[in-house]
Each structure stands twice: as structure tokens, then as C-alpha cells.
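Residue numbers (the working numbering): 248 to 347.
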């Protein structure tokens with residue numbers, strides 16, 4: 248059970264792009280002349296989100312280990328957090344690209 252919990256928390260952290268190919272995907276919608284700037288901004292936005300994601304994962308892990316939430320609640324909260332975090336980061340990317 249602990250392994251599953253740890254794996255789920257780590258999965259949450261894997262939302263951040265680890266390779267440039269993953270970071271390029273939101274930038275595919277922009278013209279080629281703006282894609283390099285988009286990738287730079289996307290990487291920066293993801294770095295800014297690392298602390299929030301790590302804090303969420305650790306707090307959730309503690310709650311799970313303490314028995315405060317079930318496995319189902321844990322997974323549901325993870326998916327909800329990932330969705331909200333991704334939407335927020337994509338919104339920030341759009342805003343920052345509009346300022347360019």
C-alpha cells in the first residue's frame with residue numbers, strides 16, 4: 248500500500264516535463280517563430296510550479312499514511328490537482344505569450 252501511495256505521489260510530480268519533447272507540446276499551436284520563446288516560458292512556468300506540486304504530494308502522502316483519506320480519495324484528489332495545475336500552467340503560458 249505504501250508503494251502505491253508513493254508511486255501516486257511521484258506520478259503527480261511527473262506532470263512536470265522532464266524532457267524538451269514533453270515541454271514542446273503546448274507550444275505546437277504557436278507559429279514556428281514563437282515556439283522557442285513558448286518552450287522557454289513553459290519550462291519557467293513548470294519550474295515555478297514545482298514547489299506547489301511537491302507540497303501537495305507530501306501533504307497528501309502524510310494524510311494517506313495517517314489514514315485520513317482512502318486510496319480512492321487519494322487518486323481522485325491527485326487527478327483533480329493535476330487537472331487544476333495543468334489548466335493553471337496553460338493559462339499562464341497563454342497570458343505570457345500574449346504579452347510577447
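Glycine residues also receive a C-beta, built at the ideal position from the N, C-alpha and C atoms.
According to DSSP, simplified to helix, strand and coil, what is residue i?
i, result
"residue 314", "coil"
"residue 278", "coil"
"residue 348", "The chain is shown from 248 up to 347; residue 348 falls before or after that span and cannot be answered."
"residue 333", "helix"
"residue 341", "helix"
Please check the pair residue i and residue j, which I expect to be a contact at CB under 8 angstroms, by giving their CB distance rounded to whole angstroms.
i, j, result
"residue 285", "residue 337", "Contact flag wrong, Cβ pair sits at about 11 angstroms."
"residue 344", "residue 288", "7 angstroms"
"residue 328", "residue 303", "6 angstroms"
Taking contact to mean 3 or more Cβ pairs, one atom from each stretch, closer than 8 angstroms, check whether the stretch 283–300 and the stretch 314–322 are in contact.
no
Check whether the stretch 302–309 touches the stretch 278–291, taking contact to mean three or more Cβ pairs, one atom from each stretch, closer than 8 angstroms.
no
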